[in-house]
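Novice: Below is one structure. I have some questions about it.
2 protein chains.
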Amino acid sequence: MQYIIGIDLGGTFIKLGLLNSRYQIKDRVVLDTTDFSGKGALIQGIADFIISFISEHNLQRKDILGVGLGLPGPIDSQGGCVRYLPNIPGWNNVPLRSILSEKIKLPVFIDNDANLMTLAEYKIGAARGSANAVCITLGTGVGGGLIIQGKLYRGSTFTAGEVGHMPINEDGPLCNCHGHACLERYIGNRRILSYAKEVFKNDISLERLSALANKGNAKAKKVWQDIGKKTGIALTSVVNLLNPDCIVIGGGVANAGKILFDSIEDTIKSRAMATQAQHVKIAKAELGDDGGIIGAAILVKQKGLA
Amino acid sequence: MQYIIGIDLGGTFIKLGLLNSRYQIKDRVVLDTTDFSGKGALIQGIADFIISFISEHNLQRKDILGVGLGLPGPIDSQGGCVRYLPNIPGWNNVPLRSILSEKIKLPVFIDNDANLMTLAEYKIGAARGSANAVCITLGTGVGGGLIIQGKLYRGSTFTAGEVGHMPINEDGPLCNCHGHACLERYIGNRRILSYAKEVFKNDISLERLSALANKGNAKAKKVWQDIGKKTGIALTSVVNLLNPDCIVIGGGVANAGKILFDSIEDTIKSRAMATQAQHVKIAKAELGDDGGIIGAAILVKQKGLA
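Protein chains in written order, with this note's numbering: chain S, 1 to 306; chain P, 1 to 306.
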């Protein structure tokens, strides 16, 4: 039996998982990204870690089908090249697949992290069976990925799926992306915190905000309903444009629970066109934080042809 | 040499074209849809017309590769079935392909009219060479079609591409589709006329509004710039979500010219994410009113596998 190594590289952490061919995670490790000074050190660190991870598990290279790696930015998954990483400086057109593969002498496949989460939810999570699906993650930012006709759709320059940067108003606050009134500018988690602080005249955590809403606190409910409405409006555009089978919602903010989901679903069902609205299923992501490494493993098993 | 018959069925007119295999229109005829009372009479009328059209051109059935037909509503193009036509009552789940094919003894293929316009622009018009393209028509309504990875993308229930029903504000006027603040609700041609009437305190045609704008009239320019901005905001969502190579804009309203196009393009280029905005080309439709029948002919030549 061959194993697969799935890696999810973020701005602060690198998560590594050892998966079997049914995508069950047999072991996992988390490294601190900031322990490595710069790109070269980070790549070498990942390579060293993979090699020691393999030997610590008494495995040999022949026991490993390959390594899959998700990164937070536009990735040419066919060419194996990282175009750039918006939140990790110094990565521009890095042929990471060949560099890493050379170091570890194993097949390597790379892709965008939101794409891999989407792939995982499509293959074994909440979007399975949906030939056309949209997955979004609600967190510090709002990421997304698209399955079109049963395949990951990456876009012409590997930047498709940016649901977080769909404007939901003609005019509105400036976003980090230089756009205005982007969904993320209203519902990124720091925005929710500052909105909640305004309402409660005090700092309040997202967990507390959810707990209050679940107990029926009117102010907390109002905050989540408003966040849900804004999310639902961007998704109304997605539903009318793409007529998908399924929308999967994950990420830390999605843990707010039923009040948020009901508001998202009510908005879509009442505002999207009847045929599209009746057909689309709104579901919570099933794989949680593991979606990234599971998607990376699926990419390896499909030899990059996801 | 075989010919193809392309038909574009609208709420008021039916356009028929005789095309050669290079999609050149050799002859064309327009019928009045309202001359036929009801669905059965209309289908029989089309069948009769095709048969007389063939004999008038001294052709025989063997000279005709097939008949392609575009209709204004959701069409199951694989099953050859009209789901419904929002503006033509009485059409519900009509297996038009088999009915018509039986009557005329020729292969028939059917699809949504905006999809066929999109297919035509992709194969021989402004979107050729663009594997990922979005085509929109600006007229009474705002229609759209999507090319994804070189193929028409129809959506899970044949209703993808509804760019006109993407909301551009959280709140806003009620649309015919029961949504709020849909793009079409602001830029459908009757909306532009009533907006212009407000500005000029008088009825003014779209042609006059364009002519005034082109002569530098500040009020007329402002109307078109605002219409362009609203269109550009919906397209910013499309660009960030789909990362297409190309957006093609057609329909009667698109004849307003450079002021409108500049405003659309400026909005997309300044508000969409840098990578997507730099890559996408904004182009005027090249095939004009013929896009529908040309697309219908292409569908026939591809045996419905577009």
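Glycine residues also receive a C-beta, built at the ideal position from the N, C-alpha and C atoms.
Can you check whether the C-beta of P:Arg271 is within less than 9 Å of a C-beta belonging to chain S?
Specialist: Yes, P:Arg271 counts as interfacial toward chain S.
Novice: Can you name the residues of chain S whose CB is closer than 8 Å to the CB of P:Gly70?
Specialist: Under the 8 Å cutoff, chain S gives no residues; its nearest Cβ is about 18 Å from P:Gly70.
Novice: Relative to the alpha-carbon of S:Gly295, which residue among S:Met1, S:Gln24, S:Leu100 has its alpha-carbon at the smallest distance?
Specialist: Minimum Cα distance to S:Gly295 is reached at S:Gln24.
Novice: With burial defined as no fewer than 16 other Cβ atoms inside 10 Å of the residue's Cβ, what is the status of P:Ala133: buried or exposed?
Specialist: The residue is buried, with at least 16 neighbouring Cβ atoms inside 10 Å.
Novice: Going residue by residue through the segment 259-297 of chain S, where are the continuous beta strand (DSSP E) segments of at least 3 residues, counting only ones entirely within it?
Specialist: Runs of the beta strand (DSSP E) inside the segment 259-297 of chain S: 281-284.
Novice: Just mark S:Met117 as buried or exposed, buried being the case when its beta carbon has 16 or more other beta carbons within 10 Å.
Specialist: Classification for S:Met117: buried.
Novice: Can the beta-carbon of S:Ile14 be found less than 9 Å from the beta-carbon of S:Ile4?
Specialist: Contact: no.
Novice: Would you mind telling me which residues of chain P sit closer than 8 Å to S:Glu170, beta carbon to beta carbon, in chain order?
Specialist: Neighbours of S:Glu170 on chain P, chain order: Ile168, Asn169, Lys229, Lys230, Ile233.
Novice: Which term fits P:Met1, buried or exposed, when burial requires 16 or more other beta carbons within 10 angstroms of its beta carbon?
Specialist: Label assigned to P:Met1: exposed.
Novice: For P:Ala127, which residues of its own chain have a beta-carbon under 6 Å away from its beta-carbon, when the five flanking residues on both sides are left out?
Specialist: Here the set comprises Glu121, Ala133, Cys246, Val248.
Novice: Does DSSP put P:Lys15 in a helix, a strand or coil?
Specialist: Reduced to three states, the DSSP call for P:Lys15 is strand.
Novice: Determine, for P:Leu57, whether the minimum Cβ-Cβ distance to residues of chain S falls below 9 Å.
Specialist: A quick correction: the sequence has His, not Leu, at residue 57 of chain P. It does not; no Cβ of chain S falls within 9 Å.
Novice: Got a sec: which bits of the segment 150-166 of chain S sit with their beta carbon under 9 Å from any beta carbon on chain P, in order along the chain?
Specialist: Against chain P - using a Cβ distance shorter than 9 Å - the residues of the segment 150-166 of chain S are Lys151, Tyr153, Arg154, Gly155, Ser156, Thr157, Phe158, Thr159, Ala160, Gly161, Glu162, Val163, Gly164, His165, Met166.
Novice: Could you pull the DSSP bridge partners for S:Thr137 from this structure?
Specialist: Paired residue(s): S:Gly143, S:Gly250.
Novice: Who are the near neighbours of S:Ser237 in its chain, counting only those whose CB is closer than 7 Å to its CB and skipping five residues on each side?
Specialist: So the list reads Met166, once near-sequence residues are dropped.
Novice: Can you tell me whether S:Tyr153 is helix, strand or coil according to DSSP?
Specialist: Three-state DSSP puts S:Tyr153 in a strand.
Novice: Can you find a C-beta in chain P that's less than 9 Å from the C-beta of S:Ala274?
Specialist: Judged by the 9 Å Cβ criterion, S:Ala274 is in contact with chain P.
Novice: Is there a Cβ from chain P that is less than 9 Å from the Cβ of S:Ser263?
Specialist: So, not an interface residue.
Novice: How many angstroms separate the CA atom of P:Ile233 from the CA atom of S:His180?
Specialist: So the alpha carbons of these two residues sit roughly 10 Å apart.
Novice: CB-CB under 7 Å to P:Asp113, same chain, minus the five flanking residues each way: which ones, in chain order?
Specialist: Cβ within range, chain order: Asp8, Gly70, Leu71, Pro72, Gly292.
Novice: Is the segment 296-306 of chain P touching the segment 264-275 of chain P in the sense that three or more CB pairs, one from each, lie closer than 8 Å?
Specialist: The segment 264-275 of chain P is not in contact with the segment 296-306 of chain P.
Novice: Can you have a look at S:Gln276 and say buried or exposed, based on whether 16 or more other CB atoms are within 10 angstroms of its CB?
Specialist: It counts as buried.
Novice: If we ignore side chains and look at the alpha-carbon of each, how far apart do P:Gly143 and P:Thr34 end up?
Specialist: Spanning the two alpha carbons is a distance of roughly 22 Å.
Novice: Report, in whole angstroms, the separation of the C-beta atoms of P:Val280 and P:Pro244, which I expect to be a contact under 8 Å.
Specialist: Going by Cβ atoms, the distance from P:Val280 to P:Pro244 rounds to 6 Å, so yes, they are a contact pair.
Novice: State yes or no: is the beta carbon of S:Ser77 nearer than 9 Å to at least one beta carbon in chain P?
Specialist: It does not: the Cβ of S:Ser77 has no partner Cβ on chain P nearer than 9 Å.
Novice: In chain P, what lies closer than 7 Å to S:Ile148 by C-beta?
Specialist: Neighbours of S:Ile148 on chain P, chain order: Ile148, Tyr153.
Novice: Note down, in chain order, each residue of its chain lying with its Cβ closer than 6 Å to the Cβ of S:Asn115, except the 5 sequence neighbours on either side.
Specialist: These residues qualify, in order along the chain: Gly145, Leu152.
Novice: Just verifying my parser: in three-state terms, what is the DSSP assignment at S:Arg128?
Specialist: Three-state DSSP puts S:Arg128 in coil, outside helix and strand.
Novice: May I have the straight-line CA-CA distance separating P:Gly250 from S:Trp91, to the nearest angstrom?
Specialist: Approximately 40 Å between the Cα atoms of the pair.
Novice: Between P:Arg307 and the rest of its own chain, which residues show a CB-CB distance below 6 Å, the 5 nearest in sequence each way excluded?
Specialist: In the structure as shown, chain P starts at 1 and stops at 306, and residue 307 of chain P therefore has no counterpart that could be examined.
Novice: Give the DSSP-derived three-state secondary structure of S:Leu241 in the structure shown.
Specialist: Three-state result, S:Leu241: helix.
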